[in-house]
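Following: one structure in structure tokens, then a few remarks.
Protein chains in written order, with our numbering: chain A, 1 to 362; chain R, 1 to 194; chain Z, 1 to 487.
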């Protein structure tokens, strides 16, 4: 491979990354706007509507304000880690988008085969998302420790417990998806759900869908699981000492994670870019995916407007005593159903039923 | 060429990370170095097209094990400087053992057994073979017994950790949620005829 | 889509694993059952554990055939050798559970205790049935992990936690060495199976010699730690002293049996190509172990510590059978382990019986005048200690006799002489206890546990030691037969 080819490849990579990163950043900015407006409506008030038409320039104004604010670093903080923490929170949230497939495209007929629209088309995409997702904890943990403040530390400790607890049930929910799709490639998981909404994994895996989404809420520290930053008890937890840009970085990471969870929920359980019925396929797949994801982002906001915060022990109980047994049970049920026909011929109907969702068996 | 370059990059970085773990004065920095080391090791796996192992390394070690390490260190406030007291005292003995081992290792690894000629080329099967599937196949057939024992080991670890740490405190007040939910008006409210 | 053959083939002959399956299931059942039992009924769990062991023993006898059979795609082997050692370990577990009966009365977490004992047993049973390093290592870790927890079971007792921590850290280190050694052997032969490694090493070219040596040394170091052979014996006294006494009894016997069985398999199946080299190393280790164990035991005032060093000494004698590396030697080691099981369990039963204010009769002084208060116990203790010392016409004598003869026959005369000299030295500290019991006045107020199963243990072990001493042939014959599968 010559230098020119390498340069061109690198250029294409850079473009691909930009094509994902810029819209994500914009979406994050406008999610904050939508969140404020939606909560405003739900609470029968206006929400932000002053800057620009309908307040549309509000996110930009906010960004500018945060950017210009002074960054205060506490005297006794561990400076290196204090500054590294927000970056460590943001990077995993953005890097995870690399494997998210936004649809399939033939680039207006230029390509013969449909290509998956993802920066990196890994065949262990699902594991990658899980692995990168598990890294986001470091930002919170480091922030809490480096701030040298007891509220921050308590926040970080809570965050650790919470993320570790919910990661397990989240992982098991994904195992269920794997058992049906037979692949860890996100694009193949979507393809396994092609052909109308009755093929979607939300139907055989409805409890897992709930577990996944709720665990997603907990992973991204959204209400009702935001006790990591509970302002009433521990004054915003790990972000108590942060201000200006670095503070903004944390909320960027949070909203990025929220969007990611929404996209993944659609990809894993709601047929990704496939339309609910094939007649609607004339609308591009990417639009479907984004529409579905937008609905889940709305649900996130809805949660925030509706639910009170969980208490710490209630949250742990939910994760360990309810989600974990349910997910484990569902894994067992799926496994038994898959194998039932082999064990006993009269149970073949179970295998057939589950086989409908398992393209790798036919 | 490029691959060799990446190999040396990852290898050097993981060695630096490993050294950092031992040499860093701050325990937290040690942990960060260890994480760094794991990342580079995962990189080495990726170079071998063993993406499953690489990702699992990050998922399990960086994502779970190290978080708990960090958690414990935050709780304990280990004073590493104090731990290092007496370090020099044991240096001669430890150093000699380490040196002997090093010489033996160099002798063993340069003996020609691990040459590229004698070991069948690892090659890049990864392009045609999905190594997750392949690992799954041997794990659930050939190594099934090992897999099952490993599961029991994890169960024992779980039981052991709980046995060694769980003490029900007599003075703590526990909440019985189902009792709370099942409470009825009659249980709490008493009408008094005035 | 990757081509997956579905379904995967089931492993054939699963019934060979019946004993392991029973233990695994029962351990989990006990764990759950404990939750539903009232505080006063927790004792049932111990009896259930004993019943499990008995059932497993029957199952083991039932599934054993004359030859070696494998299951789980060849990763599990059942031969008379494995079955015999399984029976030994089951017996040791039954004794350990009986010793725990009273001990666990005022502890929390009863179910978990017996569950962990069963899991440790499971690990050891898998170890002895391993014909490859994968199963062996995992079985070993299962055993080790359960035992770490058992050792540290009395969390409020500092000594217990310290013992567990020391054992854990050194154990982890030795596991690391073992694994590291295995990687070298795997690197040369590209196989985990003992037989395949053995064949591979025979065919390996000369340049591989260094690598093989390195692998062998690390594997030996790892194994040697588990059976506490000097210089890897450091953990033993602390762990024995700190652990709850029934657990000490358990770990002084059962893991040693498992460890030696694995040791024999590794030496005989995997490393025959380097026999000259390993024999040299083992001779040095055996000599060192016998000296360290017997000399250091003299200085101990605490009987558990003394028994720890005595274990080290005995392990050195067992190792001589492995050095001989022939049928007589391996059979001798098995005889030794069998006899040692009865001797040690009996002694520990008496120690547990002498419970006093939460501390069991641990100091040597506590035994002063025992013969005046409880002549029966004193007699049993005397017999067992005489046997441990190797006084003729008790079981311990024959055990020593067979390994010494095996060593002499294979040309290790100096080692045998050294062993004889130090077994005489060893008599000193055993006889000292007898002196305390019979010739000293009562110094403390004895407070014995009245427990019929435990008394039975004392009687059974003392009788067994005497019976084997008077008529050793059946045990020796059984141990010779049990070698089918190894040789």
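The beta-carbon is built from N, C-alpha and C at its ideal position, and this holds for glycine as well.
Inter-residue Cα distance where the pair is residue i and residue j
{"i": "residue 302 of chain A", "j": "residue 251 of chain A", "result": "18 Å"}
{"i": "residue 220 of chain Z", "j": "residue 60 of chain Z", "result": "29 Å"}
{"i": "residue 360 of chain Z", "j": "residue 343 of chain Z", "result": "Unreliable placement is indicated for residue 360 of chain Z, whose pLDDT of 49 sits below 50; no coordinate value is reported for it."}
{"i": "residue 95 of chain Z", "j": "residue 263 of chain Z", "result": "24 Å"}
{"i": "residue 19 of chain R", "j": "residue 62 of chain Z", "result": "55 Å"}
{"i": "residue 32 of chain A", "j": "residue 255 of chain A", "result": "8 Å"}
{"i": "residue 369 of chain Z", "j": "residue 434 of chain Z", "result": "10 Å"}
{"i": "residue 338 of chain A", "j": "residue 353 of chain A", "result": "9 Å"}
{"i": "residue 11 of chain Z", "j": "residue 140 of chain R", "result": "10 Å"}
{"i": "residue 291 of chain A", "j": "residue 38 of chain Z", "result": "57 Å"}
{"i": "residue 98 of chain A", "j": "residue 168 of chain A", "result": "23 Å"}
{"i": "residue 1 of chain Z", "j": "residue 188 of chain A", "result": "For residue 1 of chain Z, the predicted structure reports a pLDDT of 36, less than 50, and the residue's modelled location is therefore unreliable. A value from the coordinates is still provided. Residue 1 of chain Z and residue 188 of chain A: Cα-Cα distance of roughly 9 Å."}
{"i": "residue 177 of chain A", "j": "residue 87 of chain A", "result": "31 Å"}
{"i": "residue 466 of chain Z", "j": "residue 395 of chain Z", "result": "6 Å"}
{"i": "residue 21 of chain R", "j": "residue 64 of chain R", "result": "18 Å"}
{"i": "residue 79 of chain Z", "j": "residue 300 of chain Z", "result": "41 Å"}
{"i": "residue 174 of chain R", "j": "residue 134 of chain R", "result": "49 Å"}
{"i": "residue 73 of chain R", "j": "residue 158 of chain Z", "result": "22 Å"}
{"i": "residue 351 of chain Z", "j": "residue 373 of chain Z", "result": "15 Å"}
{"i": "residue 405 of chain Z", "j": "residue 317 of chain Z", "result": "12 Å"}
{"i": "residue 390 of chain Z", "j": "residue 442 of chain Z", "result": "28 Å"}
Nearest to residue i (by Cα), restricted to the options the options
{"i": "residue 170 of chain A", "options": "A/118, A/245, A/264, A/186", "result": "A/264"}
{"i": "residue 334 of chain Z", "options": "Z/54, Z/83, Z/65", "result": "Z/83"}
{"i": "residue 90 of chain A", "options": "A/70, A/28, A/76, A/55", "result": "A/28"}
{"i": "residue 183 of chain A", "options": "A/274, A/220, A/268, A/219", "result": "A/268"}
{"i": "residue 291 of chain Z", "options": "Z/66, Z/417, Z/49, Z/460", "result": "Z/417"}
{"i": "residue 106 of chain Z", "options": "Z/40, Z/142, Z/165, Z/314", "result": "Z/40"}
{"i": "residue 288 of chain A", "options": "A/297, A/275, A/295", "result": "A/275"}
{"i": "residue 354 of chain Z", "options": "Z/245, Z/142, Z/151", "result": "Z/245"}
{"i": "residue 283 of chain Z", "options": "Z/229, Z/248, Z/253, Z/160", "result": "Z/229"}
{"i": "residue 149 of chain A", "options": "A/205, A/240, A/141", "result": "A/240"}
{"i": "residue 262 of chain A", "options": "A/44, A/336, A/341, A/24", "result": "A/24"}
N-terminal and C-terminal residue of the alpha helix (DSSP H) that residue i is part of
{"i": "residue 189 of chain Z", "result": "158 to 189"}
{"i": "residue 457 of chain Z", "result": "452 to 470"}
{"i": "residue 270 of chain A", "result": "That residue, residue 270 of chain A, is in no alpha helix (DSSP H); it is neither H nor E in DSSP."}
{"i": "residue 111 of chain R", "result": "Careful: residue 111 of chain R lies outside any alpha helix (DSSP H) and carries neither H nor E."}
{"i": "residue 161 of chain A", "result": "150 to 181"}
{"i": "residue 61 of chain Z", "result": "43 to 63"}
{"i": "residue 320 of chain A", "result": "Residue 320 of chain A -> no alpha helix (DSSP H), and no H or E assigned at all."}
{"i": "residue 16 of chain A", "result": "3 to 42"}
CB of residue i within 7 Å of CB of residue j, strictly
{"i": "residue 273 of chain Z", "j": "residue 201 of chain Z", "result": "yes"}
{"i": "residue 404 of chain A", "j": "residue 202 of chain A", "result": "Any property of residue 404 of chain A remains undetermined from this structure, which presents chain A solely from 1 to 362."}
{"i": "residue 92 of chain Z", "j": "residue 383 of chain Z", "result": "no"}
{"i": "residue 238 of chain Z", "j": "residue 451 of chain Z", "result": "no"}
{"i": "residue 483 of chain Z", "j": "residue 278 of chain Z", "result": "no"}
{"i": "residue 363 of chain A", "j": "residue 93 of chain A", "result": "This structure cannot speak to residue 363 of chain A, because chain A is shown only from 1 to 362."}
{"i": "residue 27 of chain Z", "j": "residue 127 of chain Z", "result": "no"}
{"i": "residue 138 of chain Z", "j": "residue 146 of chain R", "result": "yes"}
{"i": "residue 54 of chain Z", "j": "residue 111 of chain R", "result": "no"}
Endpoints, the beta strand (DSSP E) within which residue i is located
{"i": "residue 77 of chain Z", "result": "76 to 78"}
{"i": "residue 69 of chain Z", "result": "69 to 71"}
Chain R contacts made by the segment 120 to 135 of chain A, where a contact means CB separation under 9 Å: 122, 123, 124, 127, 128, 130, 131, 132, 133, 134, 135
Please identify, using Cβ separations under 7 Å, the residues of the segment 152 to 169 of chain R that lie next to chain A, in order along the chain. none
For the segment 171 to 193 of chain A, list every residue whose C-beta sits within 7 Å of some C-beta in chain R, in sequence order. 184
Short of 9 Å Cβ to Cβ, which residues in the segment 55 to 89 of chain Z face chain R? 71, 72, 73, 74, 75, 76
Against chain R, which members of the segment 171 to 186 of chain Z pass a CB distance test of less than 9 Å? 184
Could you please tell me which residues of the segment 130 to 148 of chain R, in chain order, have their CB closer than 7 Å to any CB of chain Z? 130, 133, 140, 141, 142, 143, 144, 145, 146
Please identify, using Cβ separations under 7 Å, the residues of the segment 202 to 222 of chain Z that lie next to chain R, in order along the chain. 207, 208, 210, 211, 214
Would you list, in chain order, the members of the segment 36 to 53 of chain R that have their beta-carbon closer than 7 Å to a beta-carbon of chain A? 51, 52
Residues from the segment 114 to 128 of chain Z in contact with chain R, defined by Cβ distance under 9 Å: 115, 116, 119, 120, 122, 123, 126
According to a CB-to-CB cut-off of less than 8 Å, which residues of the segment 137 to 155 of chain Z neighbour chain R? 138, 139, 141, 142, 145, 146, 148, 149, 152, 153, 155
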